[in-house]
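For reference, the structure is listed below as structure tokens.
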Amino acid sequence: MKREIIKTLDGSTTIRLPEWDECYHSKHGAIQEAKHVFIKNGLSLFENPISILEIGFGTGLNAFITYLEAIRKNQRIDYVGVEAYPVDADEILEMNYADELEALEFENIFEKMHKSEWNEKIEICDLFSLTKRKQFFHEINDFEIYDLIYFDAFGYRVQPELWSTEIFQKMYNSLKPNGVLVTYAARGVVKRSMMEVGFTVEKLTGPPGKREMFRAFKTVQMNNLE
Ligand SMILES: C[S@@+](CC[C@H](N)C(=O)[O-])C[C@H]1O[C@@H](n2cnc3c(N)ncnc32)[C@H](O)[C@@H]1O
Numbered sequence: 001m002k003r004e005i006i007k008t009l010d011g012s013t014t015i016r017l018p019e020w021d022e023c024y025h026s027k028h029g030a031i032q033e034a035k036h037v038f039i040k041n042g043l044s045l046f047e048n049p050i051s052i053l054e055i056g057f058g059t060g061l062n063a064f065i066t067y068l069e070a071i072r073k074n075q076r077i078d079y080v081g082v083e084a085y086p087v088d089a090d091e092i093l094e095m096n097y098a099d100e101l102e103a104l105e106f107e108n109i110f111e112k113m114h115k116s117e118w119n120e121k122i123e124i125c126d127l128f129s130l131t132k133r134k135q136f137f138h139e140i141n142d143f144e145i146y147d148l149i150y151f152d153a154f155g156y157r158v159q160p161e162l163w164s165t166e167i168f169q170k171m172y173n174s175l176k177p178n179g180v181l182v183t184y185a186a187r188g189v190v191k192r193s194m195m196e197v198g199f200t201v202e203k204l205t206g207p208p209g210k211r212e213m214f215r216a217f218k219t220v221q222m223n224n225l226e
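Using the UniProt record's numbering, read the sequence shown as starting at 1 and increasing by one per residue.
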């Protein structure tokens, strides 16, 4: 599918798929969205070492911002990014995230993330490991290993099958008890699919340009844990 690189309203770049009129991030601001949805409403709930699953590694923006948080908070993070269609190296060169995040001293880390082998756990530094898994979302069969999921698939409008109970059941299974899933989405049909597989769903204020977003909890009753 044809792809083009555009600038979003906060100055950060993203990739756009003209045939679908769909972007990898919000047109209102890629960095703003990533920080609001995944860091403020996801990662910041956790202080201890955690493991994260990202649905759609894409440009690596979420992974890079999460790495910067790991360094800032001195928090150990094991990060798994699943992606079936890796972004080309020449497209990655056009992403301006290190610059826009005022993190030019870590630009080599962004490059290292992209150059690292697929399907291998790479220690990016002693606080952050990255496993890029080249697979389809429906092939995920992890069981209770993640504290947090960044659910960052393309929108329901273009890929409704990725917002189905089948996929959310896999997400639920892969989270540890009391794990959390965050996503930029806020459609009723998405909430119903999440609730159907057992998630408790709350609506939060969305990032600039989007009114709302969801956060879902795998809330497990104490007597289920015994
Ligand atoms: C919204 S973008 C992810 C953006 C990414 N989180 C970032 O920070 O750049 C959605 C991603 O899902 C990938 N994708 C789409 N369908 C998929 C599928 N069925 N299985 C695995 N990856 C898929 C796309 O290639 C794309 O990279």
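Glycine included, each C-beta is placed from N, C-alpha and C at the ideal position. Everything numeric in this text was worked out from a predicted model, so none of it was measured.
Endpoints, alpha helix (DSSP H) assigned at residue i
i    : result
E212 : Not the alpha helix (DSSP H): E212 falls in the beta strand (DSSP E), residues 212-217.
T59  : T59 -> no alpha helix (DSSP H), and no H or E assigned at all.
E91  : 89-93
Residue interval of the beta strand (DSSP E) (run including residue i)
i           : result
D78         : 77-82
L204        : 200-205
V190        : Premise fails: V190 lies in the alpha helix (DSSP H), 188-196, not in any beta strand (DSSP E).
R133        : 128-133
L181        : 175-183
K40         : Note, K40: premise wrong, no beta strand (DSSP E); not H, not E.
residue 227 : Since the first residue shown for the chain is 1 and the last is 226, residue 227 is missing from the structure and cannot be characterised.
Simplified DSSP assignment, three categories, for residue i
i    : result
Y146 : strand
W20  : coil
L9   : coil
K35  : helix
L101 : coil
I140 : coil
S116 : coil
E107 : helix
E69  : helix
E47  : coil
F154 : coil
Same chain, Cβ closer than 6 Å to residue i, five either side skipped, listed in chain order
i    : result
T183 : F151, F214
V158 : W20, E22
E212 : A186, K203, G206
P49  : R76
D10  : G29, I31, Q32
Neighbourhood of residue i by C-beta, 7 Å cutoff - its chain only, sequence neighbours within 5 removed
i    : result
Y146 : S51, I52, L53, S174, L175, K176, G179
S193 : W163, S164, T165, F168
L43  : T66, E69, L148
Beta-carbon gap between residue i and residue j smaller than 8 Å
i           : j    : result
M113        : I149 : no
T66         : M95  : no
residue 262 : A84  : No information on residue 262 is available, as it lies outside the stretch 1 to 226 that the chain covers here.
Y79         : L130 : yes
E100        : I5   : no
K2          : E22  : no
T13         : H28  : no
T81         : K132 : Going by the sequence as given, residue 81 is Gly instead of Thr. Against a cut-off of 8 Å, the Cβ pair of K132 and G81 comes out as a contact.
I55         : A153 : yes
Supposed contact pair residue j and residue i - C-beta distance, whole angstroms, cut 8 Å
i    : j    : result
Y24  : I15  : 5 Å
A186 : G206 : 6 Å
Q75  : L17  : The pair is not a contact, with the Cβ atoms about 34 Å apart (cut-off 8 Å).
S26  : G209 : 6 Å
F64  : F110 : 5 Å
Own chain residues within Cβ distance below 8 Å of residue i, not counting five before or after
i           : result
residue 234 : Within the shown structure, residues of the chain are numbered from 1 to 226, placing residue 234 beyond reach of any answer.
H138        : E166, I167, K170
N119        : T131, K132, R133, K134
G198        : Y172, K218
L68         : L101, A103, F106
8 Å Cβ cutoff, residue i in contact with chain D
i    : result
P160 : Among the chains of the structure shown, chain D does not appear; only one protein chain is present.
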